[in-house]
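Take a look at the structure set out below.
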Amino acid sequence: MTPPIDLRPDHAKIVHDIIARHLPGGVSVRVFGSRAKWTAKPHSDLDLAVKGKGPLPRAVLSDVAEAFSESDLPFRVDVVDWHSVAPSFQAVIDRDGKALGWPLVTLGDVASELTVGHVGSMANEYVATGIPFLRSLNIEPYRISLQDLKFISPEFHKRLRKSALKPGDVVIIRTGKPGVCSVIPEWLTDANCSDLVIVRCGNDLHPRYLAYWVNSLAAHHIGSNLVGAVQQHFNVGSARQMPISLPPLDEQERILSVLATIDDKIELNRRMNATLERQAQAVFRDWFVDFGPVRRKQAGEVDPVAILGGLTPDPTYTTHLAALFPDAFGDDGLPMGWSARPLDSIAEFLNGLALQKHPPIPGEPDLPVIKIAELRNGLTERSNRASRTLPPKYIVRDGDFIFSWSGSLMAKVWTEGDGALNQHLFKVTSATYPQWFYALWVHHHMPEFQLIAASKATTMGHIQRMHLTNAVTVCPPGPSITAMSEVMQPLWDRMIHCELENRTLAETRDYLLPRLMSGTVRVVPQDRAA
Numbered sequence: 001m002t003p004p005i006d007l008r009p010d011h012a013k014i015v016h017d018i019i020a021r022h023l024p025g026g027v028s029v030r031v032f033g034s035r036a037k038w039t040a041k042p043h044s045d046l047d048l049a050v051k052g053k054g055p056l057p058r059a060v061l062s063d064v065a066e067a068f069s070e071s072d073l074p075f076r077v078d079v080v081d082w083h084s085v086a087p088s089f090q091a092v093i094d095r096d097g098k099a100l101g102w103p104l105v106t107l108g109d110v111a112s113e114l115t116v117g118h119v120g121s122m123a124n125e126y127v128a129t130g131i132p133f134l135r136s137l138n139i140e141p142y143r144i145s146l147q148d149l150k151f152i153s154p155e156f157h158k159r160l161r162k163s164a165l166k167p168g169d170v171v172i173i174r175t176g177k178p179g180v181c182s183v184i185p186e187w188l189t190d191a192n193c194s195d196l197v198i199v200r201c202g203n204d205l206h207p208r209y210l211a212y213w214v215n216s217l218a219a220h221h222i223g224s225n226l227v228g229a230v231q232q233h234f235n236v237g238s239a240r241q242m243p244i245s246l247p248p249l250d251e252q253e254r255i256l257s258v259l260a261t262i263d264d265k266i267e268l269n270r271r272m273n274a275t276l277e278r279q280a281q282a283v284f285r286d287w288f289v290d291f292g293p294v295r296r297k298q299a300g301e302v303d304p305v306a307i308l309g310g311l312t313p314d315p316t317y318t319t320h321l322a323a324l325f326p327d328a329f330g331d332d333g334l335p336m337g338w339s340a341r342p343l344d345s346i347a348e349f350l351n352g353l354a355l356q357k358h359p360p361i362p363g364e365p366d367l368p369v370i371k372i373a374e375l376r377n378g379l380t381e382r383s384n385r386a387s388r389t390l391p392p393k394y395i396v397r398d399g400d401f402i403f404s405w406s407g408s409l410m411a412k413v414w415t416e417g418d419g420a421l422n423q424h425l426f427k428v429t430s431a432t433y434p435q436w437f438y439a440l441w442v443h444h445h446m447p448e449f450q451l452i453a454a455s456k457a458t459t460m461g462h463i464q465r466m467h468l469t470n471a472v473t474v475c476p477p478g479p480s481i482t483a484m485s486e487v488m489q490p491l492w493d494r495m496i497h498c499e500l501e502n503r504t505l506a507e508t509r510d511y512l513l514p515r516l517m518s519g520t521v522r523v524v525p526q527d528r529a530a
């Protein structure tokens, strides 16, 4: 593999070490001249241009120059500050120079072992409990999902030694979503897998560094090396040839300290949202489905916290809120004063457009098209585009509640930025009820909607508007809803805030990641951070 700069690997290591020790973080380094153009002779000078936010202190440049002069490099290294040269020379450096990136290697060079998970029928091998058995659906970027986790017997696990997993192994999806990658965590001490590329990193490669590289920077290599006529997959041979930018291990760890801080916050928000969602669902079910507060008052309970089932222990709200629940049921079986209403009478369900009829106009602003795939997985570079000259009601914005009524039925609050509402999706709004109220009623009826769609003898199951009419909601009087929002709205707002914050964090990570891994941006060692 030809490196981008005419520099021997051992010489490149010396250059990288000096830069890491002597230049402040955030300073980029570009090579220009003969070694960038591959016209150098063995003893030709190495010309470097350093660029920070502003001119670097003279002492820093002197320190770097002295380190190079005292090094074992058999050639002279000239270092110039980009900010201190003429604009015409700056333009030459920017145009012809090449970033001093880390050395390029192949994964086969730095992996101690590369193999593939079990390939074969598993229909008769799953058991109720035993050794966790990972499949493609259990691998998500940077994390292991326990959704629909399967198990195999210890005896079968011993027979599948080649595909046995241990903490620190890196697993890459081969089929379906090839290239999605994660590291086996410490808590998964014993596991096995099917149809995954398994990588055990050598001494010079950190597993989490490899996972970041594969998930973010290896898409072109993976996409151009898929094989198979019926179902394309990424094989071990292609994985061995995957190019990787490889900094020293201590630099990998500094890079990971930055990226992991961001991802740890993303994971914390994800867990927070799961907790908030469970709490909101529990309160909703107790109040509007099981009528818990009404039954407790009917049974003689007088303590406000107990009336609310202990789900809202804050005394600021409990006394006033508990008083709003009736203490008896009417002849219709509902709490006194409450009414049953069709789902489509408490909210408006706006169906999207056939956006292929609204293509983007060259040179004018456009929008990403939100289809079922985008609702499930978020926007990608492959998302279609539509003209922005749509009626405003068909433009989806952060905080809108979107419901897929066809194919994969699901509903969620959208937090991916402006987009265009495609057909097969509802944008759900209400002029009368708060979003948390109608959204939780949609979620309540979702299992029923999914069963209806699954029963359709078509290639793409769906529900019809009559099913929205047939879905019953229970609505308290307006003043009660207003008071209930004092408890529910903060939960709902916090969930949306966490999702929006995660989007910003992911964008920050994705901006930094290629720059850190290429060496364009360096992390200051901890002992020099002050």
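Here the sequence shown stands for residues 1 to 530, where the numbers follow full-length UniProt numbering. Built from N, CA and C at the ideal position, the CB exists for glycine as well.
Endpoints, the beta strand (DSSP E) within which residue i is located
| i | result |
| --- | --- |
| residue 351 | 348–351 |
| residue 574 | The shown model of the chain, from 1 to 530, leaves out residue 574, and the question about it has no answer. |
| residue 410 | 410–413 |
| residue 245 | 243–245 |
| residue 30 | 28–32 |
| residue 8 | Segment: none, residue 8 is in no beta strand (DSSP E) and carries neither H nor E. |
| residue 342 | 339–342 |
| residue 80 | 77–81 |
Integer-rounded CB distance, given that residue j should sit under 8 Å from residue i
| i | j | result |
| --- | --- | --- |
| residue 106 | residue 207 | That pair is no contact at about 17 Å. |
| residue 31 | residue 48 | 6 Å |
| residue 532 | residue 27 | With the chain represented from 1 up to 530, any question about residue 532 goes unanswered, as that position is not in the structure. |
| residue 129 | residue 151 | 6 Å |
| residue 321 | residue 474 | The Cβ separation is near 17 Å, so there is no contact. |
| residue 114 | residue 240 | 6 Å |
| residue 196 | residue 134 | 7 Å |
| residue 353 | residue 394 | 6 Å |
| residue 141 | residue 181 | 7 Å |
| residue 79 | residue 65 | 6 Å |
| residue 370 | residue 420 | 6 Å |
Within-9 Å CB hit, residue i to chain D
| i | result |
| --- | --- |
| residue 232 | Chain labels in this structure do not include chain D; a single protein chain is all it has. |
Segment limits, alpha helix (DSSP H) that includes residue i
| i | result |
| --- | --- |
| residue 211 | 207–217 |
| residue 469 | 465–470 |
| residue 447 | 435–454 |
| residue 68 | 58–69 |
| residue 385 | That residue, residue 385, is in no alpha helix (DSSP H); its beta strand (DSSP E) goes 385–387. |
| residue 145 | Careful: residue 145 lies outside any alpha helix (DSSP H) and carries neither H nor E. |
| residue 319 | 315–324 |
Exposure of residue i, with buried meaning 16 or more beta-carbon neighbours within 10 Å
| i | result |
| --- | --- |
| residue 38 | exposed |
| residue 91 | exposed |
| residue 43 | exposed |
| residue 517 | buried |
| residue 10 | exposed |
| residue 300 | exposed |
| residue 264 | exposed |
| residue 157 | buried |
| residue 511 | exposed |
| residue 138 | buried |
| residue 402 | buried |
| residue 29 | buried |
| residue 422 | buried |
| residue 286 | buried |
| residue 247 | buried |
| residue 488 | buried |
Residue i (DSSP reduced to helix, strand or coil)
| i | result |
| --- | --- |
| residue 150 | strand |
| residue 50 | strand |
| residue 140 | strand |
| residue 515 | helix |
| residue 544 | Here the chain has residues from 1 to 530 only, and residue 544 is not among them. |
| residue 531 | Outside the displayed range of the chain (1 to 530) lies residue 531, so it cannot be described from this structure. |
| residue 109 | helix |
| residue 162 | helix |
| residue 16 | helix |
| residue 429 | strand |
| residue 303 | coil |
| residue 183 | strand |
| residue 473 | strand |
| residue 276 | helix |
| residue 227 | strand |
Residue i - partner residues in DSSP beta bridges
| i | result |
| --- | --- |
| residue 198 | 115 and 171 |
| residue 422 | 353 |
| residue 99 | 30 |
| residue 335 | 329 |
| residue 536 | Beyond the ends of the chain as shown, which are 1 and 530, falls residue 536; an answer cannot be given. |
| residue 395 | 420 |
| residue 191 | 165 |
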